[in-house]
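Here is the structure we will look at, set down as structure tokens.
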Amino acid sequence: MSDLARIHILKKQAGLDDDAYRDLLERETGKRSARALSPRERQAVIRALMRLQGPVLELAADRSAYARKLRALWCTGYWLGVIDTRAPEAMRAFLKRQTGLDSDRFLRDPKDADKAIEALKDWIRRKTANPGLFRIEKGLPAIYNNPQFQVVLHVWSKLAAVQAAPSSTLTGYLIDTFGHGDPERLNGADWIAVHRELGTLYRATLVRRGARGTRRP
Numbered sequence: 026m027s028d029l030a031r032i033h034i035l036k037k038q039a040g041l042d043d044d045a046y047r048d049l050l051e052r053e054t055g056k057r058s059a060r061a062l063s064p065r066e067r068q069a070v071i072r073a074l075m076r077l078q079g080p081v082l083e084l085a086a087d088r089s090a091y092a093r094k095l096r097a098l099w100c101t102g103y104w105l106g107v108i109d110t111r112a113p114e115a116m117r118a119f120l121k122r123q124t125g126l127d128s129d130r131f132l133r134d135p136k137d138a139d140k141a142i143e144a145l146k147d148w149i150r151r152k153t154a155n156p157g158l159f160r161i162e163k164g165l166p167a168i169y170n171n172p173q174f175q176v177v178l179h180v181w182s183k184l185a186a187v188q189a190a191p192s193s194t195l196t197g198y199l200i201d202t203f204g205h206g207d208p209e210r211l212n213g214a215d216w217i218a219v220h221r222e223l224g225t226l227y228r229a230t231l232v233r234r235g236a237r238g239t240r241r242p
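When we follow my numbering, the leftmost residue of the sequence shown carries the number 26, and every step to the right adds one.
Right, here's the structure in full:
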């Protein structure tokens, strides 16, 4: 994803109108157009916009691959409306209930990791009433067995059902955001950005309907 595309997504997530957005640009760089920014200035704007997003789960370099996977899945549950908060403390409480471990820093044993991750997947499938999430089905094109795409399809269907999708089609949304409509070309950062943007829209519809996630599995 280009820096300009990322800025565009973060601006929408922060709920900034054009005047507020350009004021932020000017405050950070002295310029009022993202296209006029240097690469370094664009990174400064991205950091400023990310500070407006609220608390998120840090992905520290010293975490194990298991811990990073659990944290990513926890964020997915949040964007799906299953989990009420992305706060690290909430995820650690879940991990404690599942494994007895006090922190994901200690999530090194494959059995502990599998127990926590599979329990979280089961919880998400149950609360979304979508048994196909995070599963592989033989005979389907590879993209439909991609869990990132499965999540996007689920959220998009929910948004479309209440006429809250940001575009008339998912392909159109991808073209508007990335300049192409091929989900197989998205990288990890792209998927995270899409989950965050669509998840923000979906959680807003849940608030309007008075629905909430469930804190405990």
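Just so you know, even glycine gets a beta-carbon here, dropped at the ideal spot from N, CA and C.
Does the stretch 221-234 come within contact of the stretch 171-182, defined as at least 3 CB pairs closer than 8 angstroms?
Look at the beta carbons and you see the stretch 221-234 touching the stretch 171-182: at least three pairs across the two are nearer than 8 angstroms.
The stretch 94-108 touching the stretch 52-67, judged by at least three CB pairs closer than 8 angstroms:
Judged by Cβ distances under 8 angstroms, the stretch 94-108 makes no contact with the stretch 52-67, as fewer than three pairs qualify.
Are A39 and L74 touching if we call contact CB-CB under 9 angstroms?
As a first step, residue 39 is located in the sequence shown; it is residue number 14 there, counting from the start. As a first step, residue 74 is located in the sequence shown; it is residue number 49 there, counting from the start. For A39 and L74, yes; Cβs fall inside 9 angstroms.
Going by DSSP in three states, N170 sits in which element: helix, strand or coil?
Sequence index remark: in the sequence shown, residue 170 carries index 145 (1-based). N170: helix per DSSP, three-state reduction.
Please report the Cβ distance between T124 and A97, rounded to the nearest whole angstrom; I am assuming they are in contact, meaning their Cβ atoms lie under 8 angstroms.
As a working mapping, residue 124 is identified with position 99 in the sequence shown. As a working mapping, residue 97 is identified with position 72 in the sequence shown. About 18 angstroms separates the two Cβ atoms, so there is no contact after all.
For P191, does the three-state DSSP call read helix, strand or coil?
Counting from 1 along the sequence shown, the entry for residue 191 is found at position 166. Secondary structure of P191 (DSSP, three-state): coil.
Can you find the residues in the same chain that come closer than 6 angstroms, C-beta to C-beta, to G102, ignoring five residues on each side of it along the sequence?
For the purposes of this step, residue 102 is taken as residue 77 along the sequence shown, with counting starting at 1. Non-local C-beta neighbours of G102 in its own chain, meaning closer than 6 angstroms and more than five positions away in sequence, comprise I108 and I149, ordered along the chain.
Enumerate in chain order the residues of its own chain whose CB-to-CB distance from E53 is below 6 angstroms, with the five nearest sequence positions on each side excluded.
Counting from 1 along the sequence shown, the entry for residue 53 is found at position 28. Excluding sequence neighbours, E53 sits near A69, V70 and A73.
Cβ shell of N155 (< 7 angstroms), same chain only, five flanking positions each side left out
In the sequence shown, the residue the question calls residue 155 occupies position 130. Only H179 meet the Cβ criterion.
Does V232 pass the burial test, meaning 16 or more other C-beta atoms within 10 Å, or should it be called exposed?
Locating residue 232 in the sequence shown gives position 207, counting from the first residue. Flag for V232 reads exposed.
Can you name, in chain order, every residue of its own chain whose Cβ lies under 7 angstroms from the Cβ of I161, other than the five neighbours on each side?
The count along the sequence shown starts at 1 and reaches residue 161 at position 136. The residues are N170.
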